[in-house]
């Protein structure tokens, strides 16, 4: 019985040692293979990077030497080309320039100029001009009002059966428009007298 136990114990020990040895050997072999493959790949990548970097360096040296011997105009052109290429790579553009704001202009000529006659006055009215800040009114070349901000004007210095030519211009800080003109004949009948008893 003791001999049998000893044989079983010896067999178990031998089997365990063999299994451990085989597992260790396989693990070591796999680790060595993976390490060698990674090292070889990294070495190849480094060689490629070094080769590319050497080519870039050679190209820059040649370009610098060429620039040193080139005329000023050519140097400027090459520098501009380099900057343009760099900006294009970054998503920018060297040729793009901001659009300048529109230049201010005088307002348009007033429109719809009309006159309303009353027994003692002539009232002028017109449509507002876009961009206008004030208006000037003249009659026969003489100013009646300047710098007004409303779109109407009443002329009370009138004589019956007389003819008047009015001009209205729109102005802003840039300048004034061409005039809108209107000729009016002041022929309003006299208001009827009210009869009264005596």
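Numbering (this note's numbering), first residue to last: 2 to 199. For each residue, glycine too, the CB sits at the ideal point set by N, CA and C.
In whole angstroms, what separates the C-alpha of residue i from that of residue j?
{"i": "residue 148", "j": "residue 124", "result": "17 Å"}
{"i": "residue 80", "j": "residue 103", "result": "33 Å"}
{"i": "residue 152", "j": "residue 171", "result": "10 Å"}
{"i": "residue 156", "j": "residue 120", "result": "12 Å"}
{"i": "residue 77", "j": "residue 98", "result": "19 Å"}
{"i": "residue 54", "j": "residue 84", "result": "Its pLDDT being 47, under 50, residue 54 is placed unreliably by the model, and nothing is read from it."}
{"i": "residue 132", "j": "residue 146", "result": "19 Å"}
{"i": "residue 144", "j": "residue 154", "result": "12 Å"}
Excluding sequence positions up to five away, which residues of its chain have a Cβ less than 6 Å from the Cβ of residue i?
{"i": "residue 189", "result": "118 and 120"}
{"i": "residue 134", "result": "173"}
{"i": "residue 176", "result": "107"}
Considering only residues of the same chain and omitting the five flanking positions on each side of residue i, which have a CB-CB separation below 7 Å?
{"i": "residue 141", "result": "165 and 166"}
Assuming residue i and residue j are in contact, meaning their beta carbons sit under 8 Å apart, how far apart are those beta carbons, in whole angstroms?
{"i": "residue 138", "j": "residue 160", "result": "Actually they do not touch by this definition, with Cβ atoms about 18 Å apart."}
{"i": "residue 187", "j": "residue 158", "result": "Actually they are not in contact, since the Cβ atoms of residue 187 and residue 158 sit about 11 Å apart, beyond 8 Å."}
{"i": "residue 129", "j": "residue 185", "result": "With 8 Å as the limit, residue 129 and residue 185 do not qualify as a contact, their Cβ atoms being about 21 Å apart."}
task: Decide if the region 108 to 121 is in contact with the region 174 to 191; the criterion is three or more beta carbon pairs, one per stretch, under 8 Å apart.
output: yes
- request: Could I get the ranges of all uninterrupted beta strand (DSSP E) runs contained in the region 142 to 167, with 3 residues as the minimum, in chain order?
  value: 143 to 149 and 153 to 156
- prompt: What alpha helix (DSSP H) runs, 4 residues minimum, are completely inside the region 93 to 129?
  reply: none
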